[in-house]
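Per the working numbering, numbering of the sequence shown is gapless, rising by one per residue and ending at 410. We put the CB at the ideal spot given by N, CA and C, even for glycine. Take a look at the structure set out below.
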Amino acid sequence: MSFKNKTTVSTFKEFLNLITDEVKALEEEDLFLLYRGHLDAKWDLLPKIARLGLEAELPDWELSLMEEFKRFGRSHISTEILSNQWDTLAIAQHHGLPTRLLDWSSSPLVALWFAFREDIEVETRAVWLLGIDKNHIIDTNKGTPYQQKQTKVFKPGHITKRITAQHGWFTTHAFIEDNAKFIPLTTNKTYKQRLFKLEFSNSLRKEILIGLDVLGINGLTLFPDLDGLSNYLSWKMMRKC
(Lines of atoms letter the chains of each structure in order from A; the text may use other names.)
(Lines give C-alpha, C1' and ligand atoms only; values in the text may rest on other atoms or scores of the structure.)
Protein backbone atom coordinates (compact mmCIF):
# COMPACT_ATOMS: atom_id res chain seq x y z
CA MET A 170 0.00 0.00 0.00
CA SER A 171 1.33 3.41 -0.93
CA PHE A 172 0.40 5.71 1.98
CA LYS A 173 3.55 4.71 3.85
CA ASN A 174 3.79 6.88 7.00
CA LYS A 175 0.81 9.10 6.27
CA THR A 176 -1.52 8.67 9.23
CA THR A 177 -3.08 12.07 9.93
CA VAL A 178 -5.64 13.79 7.71
CA SER A 179 -6.23 17.51 8.19
CA THR A 180 -9.16 18.27 5.87
CA PHE A 181 -12.02 16.57 4.06
CA LYS A 182 -10.46 17.48 0.72
CA GLU A 183 -7.16 15.88 1.73
CA PHE A 184 -8.99 12.65 2.56
CA LEU A 185 -10.62 12.58 -0.89
CA ASN A 186 -7.28 13.15 -2.61
CA LEU A 187 -5.50 10.45 -0.58
CA ILE A 188 -8.19 7.87 -1.27
CA THR A 189 -8.23 8.65 -4.99
CA ASP A 190 -4.47 8.20 -5.25
CA GLU A 191 -4.54 4.95 -3.28
CA VAL A 192 -7.30 3.39 -5.37
CA LYS A 193 -5.37 4.16 -8.55
CA ALA A 194 -2.27 2.48 -7.12
CA LEU A 195 -4.14 -0.64 -6.02
CA GLU A 196 -5.80 -1.13 -9.40
CA GLU A 197 -2.33 -1.77 -10.81
CA GLU A 198 -1.79 -4.51 -8.20
CA ASP A 199 -5.16 -6.19 -8.83
CA LEU A 200 -6.22 -5.38 -5.26
CA PHE A 201 -9.14 -3.42 -3.94
CA LEU A 202 -9.87 -1.61 -0.71
CA LEU A 203 -12.41 -2.01 2.04
CA TYR A 204 -12.99 0.76 4.58
CA ARG A 205 -14.17 0.93 8.17
CA GLY A 206 -14.85 4.00 10.30
CA HIS A 207 -14.10 4.14 14.04
CA LEU A 208 -15.56 6.78 16.34
CA ASP A 209 -12.43 6.43 18.45
CA ALA A 210 -9.06 5.86 16.80
CA LYS A 211 -7.96 3.78 19.79
CA TRP A 212 -10.42 0.96 19.09
CA ASP A 213 -9.03 -2.30 17.78
CA LEU A 214 -10.34 -4.34 14.85
CA LEU A 215 -12.35 -7.00 16.65
CA PRO A 216 -15.98 -8.06 16.19
CA LYS A 217 -18.51 -7.14 18.86
CA ILE A 218 -18.82 -10.69 20.18
CA ALA A 219 -15.09 -10.68 20.93
CA ARG A 220 -15.48 -7.65 23.21
CA LEU A 221 -18.03 -9.22 25.58
CA GLY A 222 -15.59 -11.21 27.71
CA LEU A 223 -17.38 -14.49 27.01
CA GLU A 224 -14.60 -16.38 25.26
CA ALA A 225 -14.73 -19.29 27.73
CA GLU A 226 -18.41 -19.85 26.90
CA LEU A 227 -18.06 -19.72 23.12
CA PRO A 228 -19.05 -21.26 20.75
CA ASP A 229 -22.12 -22.60 22.59
CA TRP A 230 -23.24 -19.13 23.63
CA GLU A 231 -22.91 -17.85 20.06
CA LEU A 232 -24.96 -20.69 18.59
CA SER A 233 -27.68 -20.29 21.22
CA LEU A 234 -27.85 -16.55 20.50
CA MET A 235 -28.32 -17.14 16.79
CA GLU A 236 -30.98 -19.78 17.36
CA GLU A 237 -32.95 -17.33 19.49
CA PHE A 238 -32.51 -14.63 16.86
CA LYS A 239 -33.97 -16.94 14.21
CA ARG A 240 -36.79 -18.07 16.49
CA PHE A 241 -37.95 -14.56 17.33
CA GLY A 242 -37.09 -13.11 13.91
CA ARG A 243 -39.34 -15.32 11.83
CA SER A 244 -42.08 -12.70 11.62
CA HIS A 245 -39.58 -10.16 10.24
CA ILE A 246 -37.27 -12.25 8.04
CA SER A 247 -38.14 -14.51 5.12
CA THR A 248 -37.79 -18.28 5.47
CA GLU A 249 -35.42 -18.26 2.51
CA ILE A 250 -32.98 -15.96 4.30
CA LEU A 251 -33.29 -17.78 7.62
CA SER A 252 -32.37 -21.04 5.89
CA ASN A 253 -28.97 -19.54 5.00
CA GLN A 254 -26.67 -19.16 8.00
CA TRP A 255 -24.52 -16.52 6.32
CA ASP A 256 -27.46 -14.32 5.34
CA THR A 257 -28.96 -14.65 8.81
CA LEU A 258 -25.66 -13.67 10.40
CA ALA A 259 -25.38 -10.62 8.14
CA ILE A 260 -28.87 -9.41 9.08
CA ALA A 261 -28.22 -10.00 12.77
CA GLN A 262 -25.01 -7.97 12.54
CA HIS A 263 -26.72 -5.07 10.77
CA HIS A 264 -29.35 -4.90 13.48
CA GLY A 265 -26.93 -4.77 16.39
CA LEU A 266 -26.60 -8.38 17.53
CA PRO A 267 -23.08 -9.25 18.74
CA THR A 268 -21.65 -11.56 16.07
CA ARG A 269 -18.27 -12.64 14.73
CA LEU A 270 -18.71 -10.23 11.80
CA LEU A 271 -17.01 -6.85 11.58
CA ASP A 272 -18.59 -4.26 9.27
CA TRP A 273 -16.67 -2.84 6.31
CA SER A 274 -17.71 -0.90 3.23
CA SER A 275 -16.44 -0.68 -0.31
CA SER A 276 -17.09 3.08 -0.06
CA PRO A 277 -14.57 5.30 1.74
CA LEU A 278 -17.23 7.99 2.17
CA VAL A 279 -19.52 5.58 4.02
CA ALA A 280 -16.68 4.64 6.37
CA LEU A 281 -15.87 8.30 6.99
CA TRP A 282 -19.51 9.02 7.91
CA PHE A 283 -19.52 6.17 10.42
CA ALA A 284 -16.32 7.53 11.95
CA PHE A 285 -18.05 10.86 12.67
CA ARG A 286 -21.72 9.94 12.98
CA GLU A 287 -21.96 10.35 16.78
CA ASP A 288 -21.18 13.51 18.71
CA ILE A 289 -18.90 12.13 21.41
CA GLU A 290 -15.80 13.47 23.14
CA VAL A 291 -12.72 11.74 21.73
CA GLU A 292 -9.32 13.01 20.69
CA THR A 293 -9.13 11.35 17.28
CA ARG A 294 -11.32 9.32 14.95
CA ALA A 295 -10.17 6.87 12.30
CA VAL A 296 -10.86 5.24 8.96
CA TRP A 297 -9.20 1.88 8.48
CA LEU A 298 -8.24 0.64 5.01
CA LEU A 299 -7.87 -3.05 4.19
CA GLY A 300 -6.38 -4.18 0.89
CA ILE A 301 -7.71 -7.55 -0.27
CA ASP A 302 -7.88 -9.77 -3.32
CA LYS A 303 -10.22 -12.61 -4.32
CA ASN A 304 -8.21 -15.15 -2.30
CA HIS A 305 -9.27 -13.48 0.93
CA ILE A 306 -13.00 -13.89 0.24
CA ILE A 307 -14.63 -16.85 1.96
CA ASP A 308 -16.56 -19.45 -0.04
CA THR A 309 -19.91 -19.48 1.73
CA ASN A 310 -20.86 -22.73 -0.03
CA LYS A 311 -18.34 -24.59 2.11
CA GLY A 312 -19.04 -25.02 5.80
CA THR A 313 -20.76 -22.61 8.17
CA PRO A 314 -19.67 -19.34 9.80
CA TYR A 315 -19.02 -21.27 13.02
CA GLN A 316 -16.66 -23.86 11.47
CA GLN A 317 -14.18 -21.52 9.82
CA LYS A 318 -10.53 -21.98 10.73
CA GLN A 319 -9.25 -18.68 9.32
CA THR A 320 -10.46 -15.11 9.39
CA LYS A 321 -11.79 -14.23 5.95
CA VAL A 322 -13.66 -11.53 4.06
CA PHE A 323 -17.40 -12.09 3.57
CA LYS A 324 -19.13 -10.52 0.56
CA PRO A 325 -22.84 -10.56 1.47
CA GLY A 326 -25.76 -10.61 -0.91
CA HIS A 327 -27.86 -7.44 -1.02
CA ILE A 328 -30.55 -8.92 1.21
CA THR A 329 -31.43 -5.69 3.05
CA LYS A 330 -31.66 -2.03 2.05
CA ARG A 331 -29.05 -1.17 4.67
CA ILE A 332 -26.42 -3.53 3.26
CA THR A 333 -27.02 -2.10 -0.22
CA ALA A 334 -27.00 1.53 0.92
CA GLN A 335 -23.84 1.08 2.97
CA HIS A 336 -22.00 -0.93 0.29
CA GLY A 337 -21.62 -3.51 3.00
CA TRP A 338 -18.88 -6.13 3.35
CA PHE A 339 -17.67 -7.95 6.46
CA THR A 340 -14.65 -9.64 7.85
CA THR A 341 -15.74 -12.92 9.45
CA HIS A 342 -13.49 -13.82 12.35
CA ALA A 343 -12.36 -17.30 13.28
CA PHE A 344 -12.57 -18.27 16.94
CA ILE A 345 -9.32 -19.96 17.99
CA GLU A 346 -10.54 -22.61 20.41
CA ASP A 347 -7.05 -23.62 21.58
CA ASN A 348 -6.50 -20.09 22.87
CA ALA A 349 -10.20 -19.34 23.46
CA LYS A 350 -10.06 -16.01 21.66
CA PHE A 351 -10.51 -14.04 18.47
CA ILE A 352 -7.42 -12.48 16.88
CA PRO A 353 -7.54 -8.74 16.07
CA LEU A 354 -6.87 -7.97 12.42
CA THR A 355 -4.00 -5.75 13.50
CA THR A 356 -2.08 -8.80 14.77
CA ASN A 357 -3.42 -11.34 12.27
CA LYS A 358 -0.51 -12.52 10.10
CA THR A 359 -2.64 -12.55 6.95
CA TYR A 360 -3.96 -9.01 7.28
CA LYS A 361 -1.72 -6.87 9.47
CA GLN A 362 0.47 -5.81 6.52
CA ARG A 363 -2.64 -5.00 4.48
CA LEU A 364 -4.06 -2.50 6.95
CA PHE A 365 -3.62 1.23 7.16
CA LYS A 366 -5.22 3.74 9.52
CA LEU A 367 -6.07 7.33 8.72
CA GLU A 368 -6.63 9.48 11.81
CA PHE A 369 -8.66 12.68 12.08
CA SER A 370 -9.00 15.31 14.76
CA ASN A 371 -12.40 15.29 16.43
CA SER A 372 -12.65 19.00 15.60
CA LEU A 373 -13.23 18.13 11.92
CA ARG A 374 -16.65 16.60 12.62
CA LYS A 375 -18.79 19.49 11.39
CA GLU A 376 -16.73 20.06 8.25
CA ILE A 377 -16.71 16.40 7.32
CA LEU A 378 -20.41 15.69 7.91
CA ILE A 379 -21.41 18.75 5.88
CA GLY A 380 -19.05 17.76 3.08
CA LEU A 381 -20.41 14.22 3.04
CA ASP A 382 -23.98 15.50 3.02
CA VAL A 383 -23.22 17.59 -0.07
CA LEU A 384 -22.03 14.36 -1.75
CA GLY A 385 -25.20 12.50 -0.73
CA ILE A 386 -23.74 10.56 2.21
CA ASN A 387 -25.82 11.05 5.35
CA GLY A 388 -28.00 9.25 7.89
CA LEU A 389 -30.94 9.05 5.48
CA THR A 390 -29.07 7.57 2.52
CA LEU A 391 -27.23 5.04 4.69
CA PHE A 392 -30.27 4.06 6.76
CA PRO A 393 -33.11 4.23 4.19
CA ASP A 394 -35.97 3.88 6.66
CA LEU A 395 -37.91 6.02 9.13
CA ASP A 396 -35.16 5.79 11.75
CA GLY A 397 -32.67 7.12 9.23
CA LEU A 398 -35.03 9.89 8.15
CA SER A 399 -35.65 11.00 11.74
CA ASN A 400 -31.95 11.02 12.64
CA TYR A 401 -31.03 12.89 9.46
CA LEU A 402 -33.69 15.57 9.90
CA SER A 403 -32.69 16.03 13.54
CA TRP A 404 -29.05 16.56 12.52
CA LYS A 405 -29.92 18.86 9.63
CA MET A 406 -32.29 21.07 11.63
CA MET A 407 -29.92 21.29 14.61
CA ARG A 408 -27.31 22.79 12.29
CA LYS A 409 -29.61 25.77 11.78
CA CYS A 410 -30.13 26.47 15.48
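Once you ignore the five residues that flank residue i on each side, which residues in its own chain have a CB closer than 6 angstroms to its CB?
| i | result |
| --- | --- |
| Asn387 | Tyr401 |
| Val291 | Asp209 and Asn371 |
| Phe184 | Val178 |
| Phe369 | Val178 and Arg294 |
| Ser276 | His336 |
| Asp302 | Leu200 |
| Lys358 | none |
| Asp190 | none |
| Trp230 | Leu223 |
Is DSSP giving residue i helix, strand or coil here?
| i | result |
| --- | --- |
| Lys324 | coil |
| Ile246 | coil |
| Ile345 | strand |
| Ile257 | For the record, residue 257 in the displayed sequence is Thr; it is not Ile. Correct three-state label for Thr257: helix. |
| His264 | coil |
| Ser252 | coil |
| Leu223 | coil |
| Arg331 | helix |
| Arg240 | helix |
Are residue i and residue j closer than 8 angstroms when you measure CB to CB?
| i | j | result |
| --- | --- | --- |
| Leu271 | His327 | no |
| His305 | Val322 | yes |
| Phe238 | Leu266 | yes |
| Leu203 | Val192 | no |
| Trp273 | Thr340 | yes |
| Gln262 | Pro314 | no |
| Arg363 | Leu299 | yes |
| Pro353 | Leu214 | yes |
| Leu232 | Arg243 | no |
| Lys361 | Trp338 | no |
| Phe283 | Arg331 | no |
| Thr268 | Pro216 | yes |
| Leu278 | Leu395 | no |
| Phe285 | Arg408 | no |
| Ile260 | Thr355 | no |
So, at 8 angstroms on beta carbons, what are the nonlocal neighbours of residue i in its own chain, with the 5 sequence-adjacent residues on each side left out?
| i | result |
| --- | --- |
| Trp404 | Leu378, Asn387 and Gly388 |
| Lys350 | Ala219, Glu224 and Phe344 |
| Lys318 | Ala343 |
| Thr333 | His327 |
| Asp288 | Arg374 |
For residue i, write down the residues that DSSP places opposite it in a beta bridge.
| i | result |
| --- | --- |
| Gly337 | Ser274 |
| Ser370 | Thr293 |
| Phe351 | Phe344 |
Excluding five sequence neighbours on each side, which residues of the same chain lie with their C-beta closer than 7 angstroms to the C-beta of residue i?
| i | result |
| --- | --- |
| Leu281 | Phe184, Gly206, Val296, Ile377 and Leu381 |
| Leu398 | Leu389 |
| Leu227 | Phe344 |
* Which whole runs of the beta strand (DSSP E) in the region 173 to 215 are 3 residues long or more, in chain order? -> 201 to 207
* Can you give, in chain order, each stretch of the beta strand (DSSP E) that sits fully within the region 277 to 317 and has at least 3 residues? -> 293 to 301
* Hey, which unbroken runs of the alpha helix (DSSP H) at 4 residues or more fall wholly within the region 356 to 403? -> 374 to 383 and 388 to 391
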